Amino acid sequence: MRIHCKIVVIAVCFGVFLLLYFFGGNAADDPPLKEVEEDNYFPKFSGLRNNVASKLTKKTLDELHIPHKQPLTYRKVSKVSSRGGNAIAKRQRSDMGVGRPASKRARAEEVMHLAVVACGNRLDETLTMVKSALLFSIKSIKFHIFAEDPLTSQFEKGFLFQLSQWPHAITNKFQYSIYPITFSVGNAEEWKKLFKPCAAQRLFLPVILKDVDSLLYVDTDVLFLRPMDDMWSFLKAFNTTQLAAMAPEHEIPKIGWYSRFARHPFYGVTGVNSGVMLMNLTRIRSTLFKNSMIPSGLSWEDLLHPLYQKYKNHITWGDQDLLNIIFHYNSECLYTFPCQWNYRPDHCMYGSNCKGAEEEGVSILHGNRGVYHDDKQPAFKVVYDAVHEYPFEDNLFQSLFYPLQTKFLDTVNTLCGRIPQVFLKQVEKSMRTVYEKKVVRHVRPPPK
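Going by mature numbering (1 follows the signal peptide of the UniProt record, and there is no 0), the letters in the sequence shown line up with residues -28 to -1, 1 to 420, in that order.
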């Protein structure tokens, strides 16, 4: 009996030993997180980086069941490549980048469309706008650039130079086409002189870009302080009748221009500003618009010239006034987004009057009245100069945010400069988002 007991005890001990060896061996054989290139977009010891790392070591790692002592690793992430190309008028060149295979539908959904019209001395300003759009955006962007003949070759050279300087993570999500200035109805020379040179071109985008479903139009003096993807998401907020989105011209009717001086119909109480205009072009092309000229509706293209002929002696701001007239009679077609998505000097030069910007920060900065290039509103100029001079070095904080903070100290004695948090809050948040996407998404969970 004693011999049998000894045999059983030995067998149990041997079994326990095998189990310990099996599990201990597997754990020992598990490869550690691979050491990869460090993320240089942010300083190694920045407060933001340490903050994110502390969150990962406490909360995220617990959720992933990763031991806290396991070292965190970071790596620089490149956006999955998509098509890139350029064109003058109808001639286009496309190059397929290396990336994960995707269906045509998936690739189409990854691309956002942005249009800008540039005439006169607007080359540098337009390139800076393009840089700001690419800086934080997640999806690829197709730029549709309308330029007069002298600027066409300059844009080609400018983009080729920028493409040679910008990192692949940026150029891989960048596409562009260049088009001549064209007007499908009426007198082209008359349209060109409406308000500012070529500004009326934006009215004809639904007619020219027939293969584009949705589009964001911006003036050349616009800067993105957060991903364009967030503006693009407003398209999903449209109801069944809405086909365009703009911000109010002013927040306070008693000091707004339209509510005091307009000699024509305008949208809502204060009118709308067309410097940032999101459009569902497919809906625009298929809609008949109510108007004050004939009882039946007119298509977008058929409406433009007679509307201009009727009101040309009563409008001041050209194409923007025509858009206000159109949406006055078709108010159900317009979605209005908050003022922080089209933040202009009017929102701070008479005292801060954009509550959305005070709470969330400026999302899109619109430096109209030439404030990027004079000293009338130094807060706007500081932001423009910082983006313009940013060399797309790997360190966003050291090369962009810290210089921007420092230069803002010189503007605190101005009406717009005394609220620096309005200008800086969204920039810092956008950087935080970029960094967290890079880090959180690429901490490897343990093997199952």
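Backbone N, C-alpha and C define an ideal beta-carbon position, used for all residues, glycine too.
As the structure is a computational prediction, the values presented were derived from the model and not from experiment.
Legend entry - Helix, strand or coil at Gly158 according to DSSP, with G and I counted as helix: Correct three-state label for Gly158: coil.
Inset, instruction - Rounded to whole angstroms, what's the CA-CA distance from Glu400 to Lys145? Just pull it up for me. - result: 22 Å
Inset, instruction - Go to Met321, then tell me how far its beta strand (DSSP E) extends in each direction, as first and last residue. - result: First-last for Met321: undefined, no H or E at that position.
Legend entry - Bounding residues of the beta strand (DSSP E) (the contiguous stretch that carries Leu188): Ser186 to Val190
Legend entry - Lys353, enclosing alpha helix (DSSP H) - first and last residue: Pro350 to Glu361
Inset, instruction - Would you kindly work out how many angstroms separate the C-alpha atoms of Leu207 and Met84, rounded to a whole number? - result: One C-alpha to the other measures close to 11 Å.
Legend entry - Cβ separation of Arg198 and Ser335, assumed to be a contact under 8 Å, to the nearest whole Å: 5 Å
Legend entry - Three-state secondary structure assigned by DSSP to Asn302: coil
Legend entry - According to DSSP, residues forming a beta bridge with Ala105: Looking at the DSSP assignment, Ala105 forms no beta bridge with any residue, so it has no partner.
Legend entry - Residues that His338 bridges to, as DSSP identifies them: Val194
Legend entry - Residues bridged to Ala90 (per DSSP): Ala90 pairs with Ala119.
Legend entry - Ala329, enclosing alpha helix (DSSP H) - first and last residue: Where Ala329 is concerned, the enclosing alpha helix (DSSP H) stretches over Lys327 to Glu332.
Inset, instruction - Whole angstroms is fine: what's the gap from Ser149's alpha carbon to Asn385's? - result: 42 Å
Inset, instruction - Using 8 Å as the cut-off, classify the Cβ of Tyr280 as near or not near the heavy atoms of the ligand NAD, replying yes or no. - result: Absent from the structure shown: the ligand NAD. Ligands present: none.
Legend entry - the stretch 358 to 373 contacting the stretch 208 to 216, beta-carbon criterion three pairs below 8 Å: Output reads no: the stretch 208 to 216 does not touch the stretch 358 to 373.
Inset, instruction - Please name the residue, chosen from Trp138, Leu368 and Ala87, that lies closest to Lys114 on a Cα-to-Cα basis. - result: Ala87
Legend entry - Local conformation of Gly130 per DSSP, three classes: The answer is helix: DSSP assigns Gly130 an H, G or I state.
Legend entry - 9 Å Cβ cutoff met for Asn245 and Gln292: yes
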